[in-house]
Structure formats: C-alpha cells, structure tokens
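Taking my numbering, I'd label the letters of the sequence shown as residues -3 to 504. From the three backbone atoms N, C-alpha and C, an ideal C-beta is built for every residue, glycine too. Let me begin by presenting the structure, written as structure tokens, before commenting on it.
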Amino acid sequence: MKYISMYIASAALFGAASSFAVPDLDVIDRLEEPLAEHCTQQEINAISNVRRRFTFTFECGRRLFDTRFNILDGGGGNVGNGKRYSGVPRADLNGSDQWANHFPQRRSGPDGEACSDCHEEPLAGAGASGLDIVSDPLNSGNLSDFIQRNTTSMLGAGPLQLLAEEMTSELIAIRERARRTACNNNRVVRADLQTKGVEFGFVRVACNPRNDDTRRVAGVNDDLIIRPFGWKGNQMSLRSFNRGAGHNDIGVQAAELVGVGVDGDFDGVTNELFIGDMTGLAIYLAGQPRPVTRLELADLGLLQRFGQEPLRNGERASIRRGAADFRSVGCESCHRASMTIDNTIYSEPSQTVTHRDETFPSGLNPLSVGVNPNIPVSFDVTRDVIENRIRVGNQTVALGNLQRNSSGQGVLNLFGDLKRHEMGPELAEAIPDFGVGNSTWITKELWGVGSNGPYLHDGRASTLTEAIIAHGGEAAASQRSFLALSRSRQNDIITFLNNLILVREESN
-3 MKYISMYIAS
7 AALFGAASSF
17 AVPDLDVIDR
27 LEEPLAEHCT
37 QQEINAISNV
47 RRRFTFTFEC
57 GRRLFDTRFN
67 ILDGGGGNVG
77 NGKRYSGVPR
87 ADLNGSDQWA
97 NHFPQRRSGP
107 DGEACSDCHE
117 EPLAGAGASG
127 LDIVSDPLNS
137 GNLSDFIQRN
147 TTSMLGAGPL
157 QLLAEEMTSE
167 LIAIRERARR
177 TACNNNRVVR
187 ADLQTKGVEF
197 GFVRVACNPR
207 NDDTRRVAGV
217 NDDLIIRPFG
227 WKGNQMSLRS
237 FNRGAGHNDI
247 GVQAAELVGV
257 GVDGDFDGVT
267 NELFIGDMTG
277 LAIYLAGQPR
287 PVTRLELADL
297 GLLQRFGQEP
307 LRNGERASIR
317 RGAADFRSVG
327 CESCHRASMT
337 IDNTIYSEPS
347 QTVTHRDETF
357 PSGLNPLSVG
367 VNPNIPVSFD
377 VTRDVIENRI
387 RVGNQTVALG
397 NLQRNSSGQG
407 VLNLFGDLKR
417 HEMGPELAEA
427 IPDFGVGNST
437 WITKELWGVG
447 SNGPYLHDGR
457 ASTLTEAIIA
467 HGGEAAASQR
477 SFLALSRSRQ
487 NDIITFLNNL
497 ILVREESN
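Have a look at this one:
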C-alpha cells in the first residue's frame, strides 16, 4: 500500500479499558485502503523550480481538500454508540478515550468526512444552513452555551492573508516608533493605530512594553496581529485555520497539532495529516481564484459559461445606483470597497513573522521538519492563480488573478476591513468566544456575497435584506439609513450586492 498510517492501540497507550472498542484496523487494512494521498514536506522542498513547487503543492492540497477521509485515514472520532461523526458536540462522552478527553480539546463534531462537505459549490465556497457547525467552546454540554457557525467561502483567501500581514506590520511599526520616542523622552506616548485607512483606536506606549495601556485598542487583539480568518477574527493564517478545521470538523489530526506518532483522539491512527499535507492545504486555499462580478462576466461574454442569467433590462444601471447608495448609507465605513497590498507574493510559511508558526502547537520546531521561510512554497496572487483561466476568443483571461492598479499594487475588491466590530444585541451569542465579545464579529467580506447565502455568522438570514436589518451596534446608523430609503433604492442596493459572485472553473 503506497500511503500507510501508523496504528497505535489506544488501550495499550493509556492503560485503561475503553468503553468504545476501536475497530481492528489490521483486519480493515488487509481489505481496504486509506483514501488520503499524502505529500511530504521533503518532496515539496526537493523541487527547486519555484513554479513547479507551487503547482505540485497546490495539486496535493486539491486532492486532500476533496478527500473523504475514512477510518484508516483517522477520519471521525468517538461520538458514541460506535458512530464517528456527530452534528453536535458530545461533552457528555467523558470516558477515558471519549470525545471530552480528546486532545486538543474538541469544540465540535467531527461532523463531516471532507473539507468539501461544508465548503460547497463552487468548491471551497460557502455552505448551506444544514451544513452549519455547532460548537461547545466551554465543553459544558449545556445547550444554551452552544454556538453555530455558517461555513464561509475560501475564494480569495490568499490575498486576505497578505492584506492582514501588511496591516499587522504597519500597526506594530506605529507602536514601536512610539516606543522609541517613549524611551528617548522618558514618557508615555500615544500612538494612533491606523493602517490602510482603517482605524484601530490607540495605544499609550511606555518604554517598557509591560506598562503599555491597550484599553483603547479597538477591533484587534492587544498584540495588534490582524487575524483574517474565522467569524471572530481568531485565526492568523490558513495553516492554523486548517489545523483547527481538520481536528474539530473532520477528525483528522495534524502531526504538527498533536505530535508525530501521537494519537490525540484515540482512534488507533497517528500522523493523520502530514506536515506536507498542511502545506498543501494552505497553498490550495491561498491559490483559490478571487470573487468576480456579474458585470465583469457580462463584459467578457462569460455569463452563460458560468450558468449566470443574462443581465436584465436596467440591471447595469441599478448596480451602479446601488453601489452609490451602499456608500451613502454608510455601509462602506466597514465594508470598504477595495484595499491594496504592496506584496503580492504569497508564501507558505509566511515571510511575515507574525503570520507563521515559531513553534507548532505540538511543540515541534517547524524548521526541524522542513517548514522553512527560506525555502517557501510561493506564488504571485496577481499572476499565478491556476484556476479560472478562461479562453475568450483568441486570448486567455486569467480571471482568478487579483487585479493590479497602475502602481503595481494588488487590489482586493473585498468590501471588508479585517476589523472586529460590535454589532448589537440581536447578533449577540450567549457566550464570548476566543476571548472576543458576545456581539463582536470581524467584518465579513462581501465579495462573492451574491453566491454566499445564507448570511451572518450562524446563517440565520436567508436573504440579504434580513442580514442588513439584523445589523445593530456600530452598524445601527447604516441600518436605519437603509430602512429609510425608498423601495426602489433599497432594491438597487440588493441588486448591487447580488452582482458580487463566485465562479470557478478548475484547470485540467
């Protein structure tokens, strides 16, 4: 068998009788095969050509993203009565090798066999309400403390991480410039935190960092690291996002999460995701094509190719009016139409120290297993995106690439700001999560929103209008302004939002 996981009997490891009998993997292995085609970091690093290293790693990630991990791969976990997947967390299963004692502590599921189970059409896109993830962050088993998360689209994810890296670097540079002044003048210095036009409050900086006053920092953690992924803005990188999703949602544990040869969920399988697998998945998601618009497709004559209805009479004018009204009611104060990045080269691991692992969660040193920023897998998000390369007449349109402006910067038409905002009691949960307030959420990027229903963090809104009405807190004034518009102007805003779509055409 080409790809073989190492099996360890959990009872032998932990010296306790199990209330859940791990199936005899030796018997299953004689008749069946694991489904994951792993790639190793050594294979990746051995490819000297930068472009080939990228395409090889991307293809590895693509295979893994769509793999339906079986028992030999370590998919699933003990969720009671011999079952391996669950739509709800099981903190009540607190036996020696059961759900509540898996490590790291589980938040949810496992609830799906593959990444593509939840990130649906187009592949790596958003998910329907029936695919929402139910989590129990407190491991309380108390239904009132459960939280629900709607699956988000991963298209355009690479540029989002690059944007977060640049914003973080600028915020930290502002703070450290103030620190030098504080040390030179022996006084506390106020540093206003603004990057790319987004304000994050201010910090009072002392010469000794322990004496900094961060109480007025807003929309970001006190460390000033922008974390662009997760509804709470809690994941710094695609690699860290994938580690958590693999563990909680699919039940496959990365070796870098639990340790090499360690069976953290007692299913008899170790090394369920290799180091190279995590590199592959990060590159695959980073290399997803950017969202587009119906107007863009219409101008290229590609609406029909992607199953889109032709533009209706007056739709183009309605979209333009809706974009203007979207600005006039104040939605763009958070959903910023576009932001730019100077560095368009995505690297795994990141070239920005704040967005790569100094040490993996297992305690493993990334350098010791070949995850080295000096030999990264890298590609240009404005030139090298593999998918959505469309033949139009005698030309190939690289529709998936991020666009560049006249200054050579990459332009993200994201309608977001990568900042957390307080959104009012209607969108509050019973508990805070990841140390972020009950009603505080990172601005959801609206590029692709016309393809991304249902809406809001828990998929409660089945229409865009519902989602707008649910806005409160910092967005309350914009919500009231929208409701005060005439019906025709409200309709223009909805038409404008439905113009922002996702399309996907895989490379052969």
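For residue j and residue i, the rounded distance between their alpha carbons
i, j, result
"phenylalanine 50", "leucine 151", "18 angstroms"
"glutamate 109", "tyrosine 280", "18 angstroms"
"valine 288", "valine 499", "7 angstroms"
"arginine 175", "valine 185", "7 angstroms"
"lysine -2", "glutamate 29", "Legend: pLDDT at lysine -2 = 35, less than 50; position of this residue unreliable, value from coordinates given subsequently. Taking the straight line from one Cα to the other gives about 9 angstroms."
"glycine 83", "glycine 105", "6 angstroms"
"glutamate 501", "glycine 260", "38 angstroms"
"alanine 122", "phenylalanine 196", "28 angstroms"
"alanine 250", "leucine 410", "31 angstroms"
"threonine 340", "lysine 415", "21 angstroms"
"glutamine 475", "tryptophan 437", "16 angstroms"
"alanine 463", "threonine 148", "15 angstroms"
"proline 345", "glutamate 311", "43 angstroms"
"alanine 466", "arginine 332", "19 angstroms"
"aspartate 141", "proline 85", "11 angstroms"
"tyrosine 342", "asparagine 45", "16 angstroms"
"arginine 48", "leucine 119", "23 angstroms"
"asparagine 180", "valine 201", "12 angstroms"
"leucine 496", "glycine 404", "24 angstroms"
"phenylalanine 225", "leucine 159", "12 angstroms"
"histidine 453", "glycine 76", "28 angstroms"
"glycine 247", "asparagine 97", "14 angstroms"
"asparagine 267", "proline 100", "15 angstroms"
"glutamate 305", "cysteine 114", "26 angstroms"
"alanine 209", "glycine 264", "Contrary to the premise, residue 209 reads as aspartate rather than alanine in this sequence. Whole-angstrom Cα-Cα distance: 48 angstroms."
"asparagine 204", "alanine 241", "38 angstroms"
"alanine 457", "arginine 323", "22 angstroms"
Buried or exposed by the 16-neighbour rule on C-beta atoms within 10 Å, applied to residue i
i, result
"alanine 278", "buried"
"threonine 275", "buried"
"aspartate 22", "exposed"
"aspartate 295", "exposed"
"glutamate 117", "exposed"
"phenylalanine 478", "buried"
"glycine 272", "buried"
"aspartate 132", "buried"
"alanine 8", "Low confidence applies here, because alanine 8 scores a pLDDT of 33, under 50, leaving its location unreliable and the question unanswered by this model."
"glutamine 38", "exposed"
"arginine 103", "buried"
"leucine 506", "This structure cannot speak to residue 506, because the chain is shown only from -3 to 504."
"arginine 286", "buried"
"phenylalanine 375", "buried"
"glutamine 391", "exposed"
"aspartate 245", "buried"
"phenylalanine 430", "exposed"
"leucine 27", "exposed"
"aspartate 88", "exposed"
"arginine 183", "exposed"
"glutamine 300", "exposed"
"aspartate 188", "exposed"
8 angstroms contact criterion, which residue i and residue j should meet: CB distance rounded
i, j, result
"valine 407", "leucine 395", "The pair is not a contact, with the Cβ atoms about 14 angstroms apart (cut-off 8 angstroms)."
"serine 125", "phenylalanine 61", "Serine 125 to phenylalanine 61, Cβ: 22 angstroms. No contact."
"serine 435", "proline 421", "6 angstroms"
"glycine 297", "valine 388", "7 angstroms"
"valine 445", "lysine 228", "That pair is no contact at about 19 angstroms."
"aspartate 419", "glutamate 470", "First, the residue type needs correcting, since residue 419 is methionine and not aspartate in the sequence shown. Contact flag correct, Cβ pair sits at about 7 angstroms."
"aspartate 69", "aspartate 321", "Not really, about 50 angstroms apart at Cβ, beyond 8 angstroms."
"leucine 234", "alanine 178", "The Cβ separation is near 35 angstroms, so there is no contact."
"threonine 439", "glycine 412", "5 angstroms"
"alanine 32", "threonine 53", "With a Cβ gap of about 15 angstroms, alanine 32 and threonine 53 do not count as contacting."
"asparagine 41", "isoleucine 490", "With a Cβ gap of about 49 angstroms, asparagine 41 and isoleucine 490 do not count as contacting."
Which residues DSSP lists as bridging residue i, in chain order
i, result
"isoleucine 279", "In DSSP, isoleucine 279 forms no bridge with anything."
"glycine 437", "The amino acid at residue 437 is misidentified as glycine; the sequence shows tryptophan. DSSP lists His417 as partners of tryptophan 437."
"arginine 385", "Ala394"
"threonine 348", "Paired residues: none, contrary to the question."
"tyrosine 81", "BP columns for tyrosine 81 are empty, so no partner."
"leucine 151", "According to DSSP, leucine 151 bridges with nothing at all."
"phenylalanine 198", "Asp188"
"leucine 158", "According to DSSP, leucine 158 bridges with nothing at all."
"alanine 496", "Before going on, a small fix: residue 496 reads as leucine here, not alanine. Answer by DSSP bridge pairing, in chain order: Thr289."
"leucine 408", "Met335"
"isoleucine 341", "Asp376"
"aspartate 209", "Arg200"
"aspartate 429", "Val432"
"glutamine 300", "In the DSSP output, where bridge partners are listed per residue, glutamine 300 has none listed."
Could you tell me which whole beta strand (DSSP E) segments of length 3 or greater appear in the stretch 68 to 148? List check, beta strand (DSSP E) in window: 129 to 131, 143 to 145.
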